[in-house]
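**Q** Next up is a structure, given as structure tokens.
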């Protein structure tokens with residue numbers, strides 16, 4: 001496999017795009033050798049669902065599209081980022097906050113941690129932000145150096 005593989009899709013900020021993004025990510029990962037029957041594939045599908053749902057729901061119509069970026073570096077690390085053009089960063093809710101929604105990023109952080117990865121939020125020069133996870137690629141630890 002190549003040292004770096006990349007895949008990107010830009011979709012309208014519409015609820016129907018969440019399933020489209022999830023399917024796109026599943027197809028790309030399968031093409032890179034990560035099929036849907038593994039725990040990490042399940043975690044990544046849930047993460048992309050949460051991140052794209054946030055991009056649709058929480059941009060208040062100020063981001064007409066969102067972009068999903070995937071990058072596999074040296075068969076060792078997977079990057080998944082969702083970028084929108086809304087400048088407001090997601091805010092962490094306290095555990096005491098009682099509401100029906102707002103737990104998506106808690107789930108994303110927990111899944112990234114469980115997979116041995118990390119969660120980040122970065123501003124982008126155009127005024128929006130990228131919410132991303134980076135996780136070890138399955139089998140990377142057992143691959144020869």
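Numbering (UniProt numbering), first residue to last: 1 to 145. Note that CB positions come from ideal geometry on N, CA and C, so glycine has one too.
(1) Quick check: residue 135 and residue 116, are their CB atoms within less than 8 Å of each other?
(2) Within 10 angstroms of its Cβ, does residue 143 collect 16 or more other Cβ (buried), or is it exposed?
(3) Applying the 10 Å Cβ sphere with the 16-neighbour rule, what's the burial state of residue 50?
(4) Taking the C-alpha atoms as reference points, what is the distance between residue 85 and residue 109?
(5) How would you label residue 16, buried or exposed, when you count the other beta carbons within 10 angstroms and need 16 or more for buried?
(6) For the alpha helix (DSSP H) containing residue 5, name the first residue and the last one.
**A** On the basis of the data shown:
(1) yes
(2) In this predicted model, residue 143 has a pLDDT of only 44, less than 50, meaning its place in the structure is not dependable; the value taken from the coordinates is given anyway. It counts as exposed.
(3) buried
(4) 22 Å
(5) exposed
(6) Looking at the DSSP string, residue 5 is not in any alpha helix (DSSP H); the run it does join, the beta strand (DSSP E), is 4 to 12.
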